[in-house]
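Q:
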Amino acid sequence: MQESFLTFLGENLQLFLTYTGVYNATPGHLIMILVGLLFIFLAIKYEFEPMLLIPIGFGILIGNIPFKDAGLQVGIYEQGSVLNILYQGVTSGWYPPLIFLGIGAMTDFSALISNPKLMLIGAAAQFGIFGAYIIALQMGFEPNQAGAIGIIGGADGPTAIFLSSKLAPNLMGAIAVSAYSYMALVPIIQPPFMRLLTTKKERLIRMKPPRAVSSTEKIIFPIVGLLLTCFLVPSGLPLLGMLFFGNLLKESGVTRRLAETARGPLIDTITILLGITVGASTQATQFLTLNSIKIFGLGALSFVIATCAGVLFVKLFNLILKDGNKINPLIGNAGVSAVPDSARISQVVGLEYDPTNYLLMHAMGPNVAGVIGSAVAAGILLGFLG
Amino acid sequence: MINKKIGVLLLFALLISFGAKAQSATSMRINEVLVINEDNFVDDYGKRHGWIELFNSSAGTVNIAGCYLTDDKNNPMKYPIPKGDVLTQIQPRQHTLFWADGQPDRGTFHVNFILDPFKENYIALYDADGKTLIDEVTIPAGQLADISYGRVIDGKEEWAQLKKVTPSTNNLTLDSNDKIDNFRQNDSFGIGMTVTAMAVVFLGLFLLYIIFKQIGRLSISASKRNAQKAAGTTSISVDAGQESGELFAAIATALYEMSDDNHDIEHTVLTIHKVQRTYSPWSSKLYGLRQTPHK
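Just so you know, the protein sequences line up as chains A and B, in that order.
Residue numbering for the first sequence follows the working numbering, beginning at 14 and increasing consecutively.
Residue numbering for the second sequence follows the working numbering, beginning at 953 and increasing consecutively.
1. Answer yes or no: does any C-beta atom of chain B fall closer than 8 Å to that of I393(A)?
2. Verify the CB distance criterion: does N157(A) have a CB-CB separation below 8 Å to chain B?
3. With C-beta atoms as the reference, is S400(A) less than 8 Å away from G141(A)?
4. Thinking just about the alpha-carbon of each residue, which of A356(A), V349(A) and P223(A) is nearest to the one in A388(A)?
5. Report yes if the CB atom of A124(A) is closer than 8 Å to the CB atom of M374(A), and no otherwise.
6. What three-state label does DSSP hand M1029(B) in the structure shown?
7. Cα-Cα, which of I1033(B), K1025(B) and A1052(B) is closest to E984(B)?
8. Assign G70(A) to one of two classes, buried (16 or more other C-beta atoms within 10 Å of its C-beta) or exposed (fewer than that).
9. DSSP has Y1003(B) in a bridge; who is on the other side?
10. Under 8 Å, with one C-beta from each stretch per pair, do the stretch 288–306 of chain A and the stretch 174–191 of chain A reach the 3-pair mark?
11. Using 8 Å as the threshold, is the stretch 37–51 of chain A in touch with the stretch 70–80 of chain A, meaning 3 or more CB pairs across them?
12. Alpha carbon to alpha carbon, what distance is there between N1122(B) and L1077(B)?
13. Smallest Cα separation from M377(A): which of A391(A), S359(A) and L30(A)?
14. Strictly below 7 Å CB to CB, what residues from chain A border K1165(B)?
15. Taking the runs of the alpha helix (DSSP H) that are 4 residues or longer, which of them lie wholly in the stretch 209–244 of chain A?
16. Report yes or no: is there a C-beta of chain B within less than 8 Å of the C-beta of G337(A)?
17. Is there at least one Cβ from chain B nearer than 8 Å to T104(A)'s Cβ?
18. Does the separation of the CB atoms of T284(A) and I112(A) fall below 8 Å?
19. Can you tell me whether P1028(B) is buried or exposed? The criterion is at least 16 other CB atoms within 10 Å of its CB, across all chains shown.
20. Report the residue from S105(A), L26(A) and N128(A) whose alpha carbon sits nearest the alpha carbon of R1169(B).
21. Measuring alpha carbon to alpha carbon, tell me which of N370(A), F206(A), V35(A) and R276(A) ends up nearest A118(A).
22. Whose CA, out of I340(A), V317(A), C243(A) and K263(A), lies closest to the CA of G254(A)?
23. Excluding the five sequence neighbours on either side, which residues of its own chain have a C-beta within less than 8 Å of the C-beta of K973(B), listed in chain order?
24. Using the beta-carbon of each residue, which ones in chain A are nearer than 7 Å to S1175(B)?
25. Is there a C-beta anywhere in chain B that falls below 8 Å from the one on M132(A)?
26. Nearest chain B C-beta to Y59(A) closer than 8 Å, yes or no?
27. Counting C-beta neighbours from all protein chains within 10 Å, is the total for V1147(B) 16 or more, i.e. buried, or is it exposed?
28. Could you please give me the residues that DSSP links to I1091(B) through a beta bridge?
29. Can you give me the Cβ contacts of P109(A) inside the same chain, cut-off strictly under 7 Å, excluding the 5 residues immediately before and after it?
30. Report the residues of the stretch 141–175 of chain A with a CB closer than 9 Å to any CB of chain B, ordered along the chain.
31. What residues in its chain sit with their C-beta under 6 Å from that of F970(B), if we drop five residues either side in the sequence?
32. Which chain A residues are close to K1131(B), counting only those with a beta carbon under 7 Å from its beta carbon?
33. Please identify the residue among F61(A), N370(A), L114(A) and F21(A) whose C-alpha is closest to the C-alpha of R219(A).
34. Pick helix, strand or coil for Q15(A), following the three-state DSSP scheme.
35. Any heavy atom of the ligand SAM closer than 7 Å to the CB of I344(A)?
36. May I ask you to report which of helix, strand or coil DSSP gives I201(A)?
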């Protein structure tokens, strides 16, 4: 009797053991857990995009706890599990537009309105997307996959998730993590190329201070912006519609409560859900593939191309601008969206060469134009390849 | 004021009704018809009959309950599609099948008429009012057994005898994505995509640039005019309205510093401000205190 009870206990313990994470762990899980820990470390120690890297890093830990596939509905890819339900916002593509609503409600387009030619820098930096697209095609990716990978160069996490969920859902985890990782690493990636492509004289260019912008202009901007860009690229409507709507909430002056909700509690909630689910979607079994490594390489390359394209475009543009109207090429990097980090980098690098030359307000122009440009580019890719 | 409100409400109602129209039964299409069913799809009773496939061409769910199917031009309300059946909710871009067996007692999807294999068959779908024609088709006589007559592409105009019978599914299924194939074949280096897409991105932002350059000019001249009106003079500086953010920042800083200098906490200096209290019976304590209660 006692012996059979012990056998029963032993068998149950053995069965229990098969359910533990320790039993089901693979080297892949451990690698991904280390990646998650690295993200959390970078966010806390160096404050690299902590709002993104903490949720994503912790999400990677959550997504890589090994478990027995016994239909317990715990994994993010198991239909009906809590994580799977939260993940719907990513797969169905409705988190990114809500993030854009918040971005619109917190973005001041004054710098862009006061000096509209800066918009063209935001357009030039989108070469990063298509440079990566060309290289991805040569590496053997399908056109739709290459489009989804290329959008990493737009340096816009929500746009990357939105487009990859439509064009290449199987690559979305790698694309999202890559986009957010490189956005966090913008302070490391961009400055060397900015210095490499500019002369000392160019770095010292002082730009005319932006004029004051009237509230009427600020109100007209989101309306005209929406009508113009979406009539041109209707497939960009979910992102651009929400971006400009959020901005109108901010600038109309009569919907302060709505604007505060959009740029506060709403965007915070969605950022948490987006970050944690994107992180959790990197389950080692789905994520650790050769394609993911290629995507990481292409992502880095796309950021480099975008930075160089922005800086070189300003240099080119300066050839036709009169003295006094010249643009400091150090703001060219800000054409990749990554708001406001890339603009901050223009400021930091500019101050290294002239401690009284503040470029931040000028860099915000191409920076927000980059958001519009990358959303338009995403719309074009979706229209062509979707 | 009330008229204005009524106007706004009416406009709102009108807009809503337009929106509702977009996803009403008017989006339904008769999509495929099989007149002679000898060795084809069987119904839920295991029987073979002719059938009529409807297709929801919209991007929203449509409830066809209350609409009418008919084979008689003079009797548009011949078969009312029963209400209260959850299956009459047709999902976006999805299909549903009606059996033309003349036995409506067998369920919602069994109509009270049959398709005649020897002559042409008229089929129509009417909206719930019984008057609005949503879609109609005349199936030519002489249909072959087990060959359906339908739209070549779901919801589109062209009808033909279909190569494949496809009840409750798409009439044309694709083995590949044409768009992607096209890019794979004609733009293997991605140059075409890059040139086109960058041209569109530049065009979009260039147009924005042009428009806001003009709006900026108008805004500056408007602010000049306003300043002239306010000053009552015609000589306004050319730079009016062009003040930089730095100027405002300098003024704000000066104001801040001036207000900061007014404080009375300074080392070794004692500032005494006269305390003034103006009397008012409303603020008099006397009236605010509770009087000794009278018994």
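Don't be surprised by glycine CBs; every beta carbon is placed ideally from N, CA and C.
A: Looking at the atomic coordinates:
1. yes
2. yes
3. Not covered by the structure: residue 400(A). The range shown for chain A is 14 to 399.
4. When each option's Cα is compared against that of A388(A), the closest is V349(A).
5. yes
6. coil
7. A1052(B)
8. buried
9. Reading off the sequence, residue 1003(B) comes out as Trp, not Tyr. Partner(s): L986(B) and W1051(B).
10. yes
11. yes
12. 20 Å
13. S359(A)
14. P129
15. 213–216
16. no
17. No, T104(A) does not count as interfacial toward chain B.
18. yes
19. buried
20. N128(A)
21. Sorting N370(A), F206(A), V35(A) and R276(A) by C-alpha distance to the C-alpha of A118(A) places R276(A) at the top.
22. Out of I340(A), V317(A), C243(A) and K263(A), C243(A) has the C-alpha closest to the C-alpha of G254(A).
23. Unreliable placement is indicated for K973(B), whose pLDDT of 43 sits below 50; the coordinate value is still reported in the next sentence. The answer is none, since no qualifying residue turns up.
24. S227
25. yes
26. no
27. exposed
28. DSSP output for I1091(B) lists N1073(B) as bridge partner(s).
29. Within the same chain, and ignoring the five residues on either side of P109(A) in sequence, the residues whose Cβ sits closer than 7 Å to its Cβ are P171, T172, I174, F175 and L252.
30. Under the 9 Å Cβ criterion, the stretch 141–175 of chain A contributes I142, F143, G144, Y146, I147, I148, A149, L150, Q151, E155, P156, N157, A159, G160 and G163.
31. Since pLDDT at F970(B) reaches only 46, below the 50 mark, its modelled position is unreliable, and the value read off the structure follows with that caveat. Result list for F970(B): empty, nothing under 6 Å.
32. F397 and L398
33. N370(A)
34. Three-state result, Q15(A): helix.
35. Judged by which ligands are present, the structure shown has none, so any question about the ligand SAM falls away.
36. helix
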